[in-house]
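Here is the structure we will look at.
There are 2 protein chains.
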Amino acid sequence: MQQYTKLTEQLRSHGYRLTGARVQVTRILCEAPGYLGAYDIYNALKQQGINVGVASIYRVLELLCQLNLVQREEFGSGGEKFRLSQKGHTHQLVCSECGVAKEFGNCGVNPLAKDLENSSGFKIHEHWLRFFGLCPSCQHKQPL
Amino acid sequence: MQQYTKLTEQLRSHGYRLTGARVQVTRILCEAPGYLGAYDIYNALKQQGINVGVASIYRVLELLCQLNLVQREEFGSGGEKFRLSQKGHTHQLVCSECGVAKEFGNCGVNPLAKDLENSSGFKIHEHWLRFFGLCPSCQHKQPL
DNA sequence: TTGCTATTGATATATTGTTTCAATAAGGAG
DNA sequence: CTCCTTATTGAAACAATATATCAATAGCAA
C-alpha cells in the first residue's frame with residue numbers, strides 16, 4: 015500500500031513521531047473506500063482488537079487535515095467525515111447510505127464561475143459539485 | 015408577515031393541527047435572517063418566555079422539511095441548520111473568509127446528473143454546487 | 001362543551017466532539 | 001542497547017446535538 019507509506023513518511027518528514035495511533039488511523043483511512051467518521055475509525059480499530067482513544071483519533075485526523083493529507087467533509091447527519099485527500103477539486107458522487115464516494119472528471123461549470131465573478135464581485139478560487147444518491151449496492155439492500 | 019401565514023396554512027391544509035409548537039417554531043424561522051440550529055430556536059423561544067421542548071422542535075422541523083417548507087443544511091461543525099426554503103436547490107457562493115453565502119439561480123447540471131446515473135448506476139436525488147471565494151468586502155481586508 | 005386522538009414536554013439515552021491530565025512510548029543522545 | 005526528554009497517548013469528564021418513549025395535554029370536529 016504505497017499510499018499508506020507516503021502518508022507515514024509525510025508525518026515523519028514534518029517532525030511528527032510515528033506513533034501507534036497515527037499509524038492505525040492512517041491505515042484505516044487508506045483501506046477505506048470512502049468517507050469515515052471518527053467513530054467509524056474507532057469501531058473499525060476496536061473490531062480488530064486495537065484500542066485507540068477517541069480523542070487521539072480526532073487529534074490524528076486534525077493533524078492529517080492540517081498537512082492536507084486528509085479532507086474533512088460533512089454531509090447529512092452524523093457529524094464530520096474524513097477521507098484521504100484526492101487530486102484536483104471536488105467533483106463527487108456520494109452514496110448517502112454508505113458514504114462511498116466516486117470522483118468524476120470535468121464538470122463544465124467554469125463558464126458559470128466566470129459569470130458569477132462578474133456579477134457578484136467575488137473572487138472565486140474553488141468550487142464543489144457534489145451529487146448525492148444511492149450507490150448500486152445500497153439500492154439492493156432491504157430497507158429496515 | 016405573509017410568509018408566516020402561508021406556512022401555517024400549508025400545515026392546516028395538509029391536515030396537521032396548528033399547535034403551539036408548530037406556530038412558534040414557524041414564527042422564529044420566519045423572523046430569522048438565515049440558518050438556525052434546533053437549539054438556536056429553542057433558546058430564542060426560551061428568551062421570549064416560551065417553552066417548547068427540544069423534541070418538539072425537531073419534530074416540527076422534520077415536518078416542515080417533509081413539506082418542503084424548510085431546508086436542512088449543514089456546514090462547519092455544530093450540527094444541522096434550518097431555514098425557510100428558498101426557490102430552487104442549493105447553489106451558493108460562499109466567502110471562505112467570513113462565511114457569507116449568496117444563493118444564485120439555476121446551474122444547468124441536470125444533464126450531467128443524468129449522464130452520471132447512467133454511467134455509475136447511482137440513483138441521484140440531490141446535488142450541491144458551491145463556489146468558494148473572497149467576497150468583495152474581504153478582498154479589501156488586510157491579510158493577517 | 002365534549003370526546004377523540006394527534007401532539008406535546010419531560011426524561012432518558014445515544015451520538016459526536018473537546019478538554020484535561022497523569023502515564024506512556026517514540027526516538028535521539030550517548 | 002539503554003537512558004532521557006518530551007511529544008503523544010488513553011481515560012474520563014464534560015458539552016452539544018439528536019432521538020425514543022410515554023403519560024399528559026390541547027386541537028379541533030361534532
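As they're listed, the protein sequences go chains A and B. Residue 15 is where the first sequence starts when you use our numbering, and the numbers rise one by one after that. Residue 15 is where the second sequence starts when you use our numbering, and the numbers rise one by one after that. Cβ atoms here follow ideal geometry from the backbone N, Cα and C, with glycine treated the same way.
Check: Contact check, residue 30(B) vs residue 77(B), beta carbons under 8 Å; Outcome: yes
Check: Three-state secondary structure (DSSP) of residue 77(A); Outcome: helix
Check: Proximal residues to residue 32(B) (C-beta, below 8 Å), its chain only, five neighbours per side dropped; Outcome: 22, 25 and 26
Check: Short Cβ contact (8 Å threshold) for residue 52(B) with residue 42(B); Outcome: no
Check: Residue 71(B), DSSP secondary structure in three states; Outcome: helix
Check: Status (buried if at least 16 other CB within 10 Å, exposed otherwise) for residue 38(B); Outcome: buried
Check: Nearest neighbour of residue 135(A), chosen from 129(B), 136(B) and 147(B) [CA to CA]; Outcome: 147(B)
Check: Span separating the alpha-carbon of residue 48(A) from that of residue 150(B); Outcome: 36 Å
Check: Under the three-state DSSP convention, the category residue 84(B) falls into; Outcome: strand
Check: Residue 43(A) in three-state terms, based on DSSP; Outcome: helix
Check: Where residue 147(A) meets chain B, residues with beta-carbon distance less than 7 Å; Outcome: 136, 137, 138 and 139
Check: Rounded separation between residue 114(A) and residue 63(B) - CA only; Outcome: 45 Å
Check: Cross-strand partners of residue 106(A) (DSSP beta bridge); Outcome: 117(A) and 144(A)
Check: C-alpha gap between residue 109(A) and residue 98(A), whole angstroms; Outcome: 17 Å
Check: Within 8 Å, strictly: CB atoms of residue 81(A) and residue 28(A); Outcome: yes
Check: Identified DSSP bridge partners for residue 29(A); Outcome: None; residue 29(A) has no bridge partner.
Check: Cβ-Cβ separation, residue 44(A) to residue 18(A) (assumed contact under 8 Å), whole Å; Outcome: 4 Å
Check: Closest by C-alpha distance to residue 50(A), when choosing among 145(A), 36(A), 86(A) and 65(A); Outcome: 86(A)
Check: Residue(s) in a DSSP beta bridge with residue 138(B); Outcome: 147(A)
Check: Assigned secondary structure, residue 34(B) (DSSP; H/G/I helix, E/B strand, else coil); Outcome: helix
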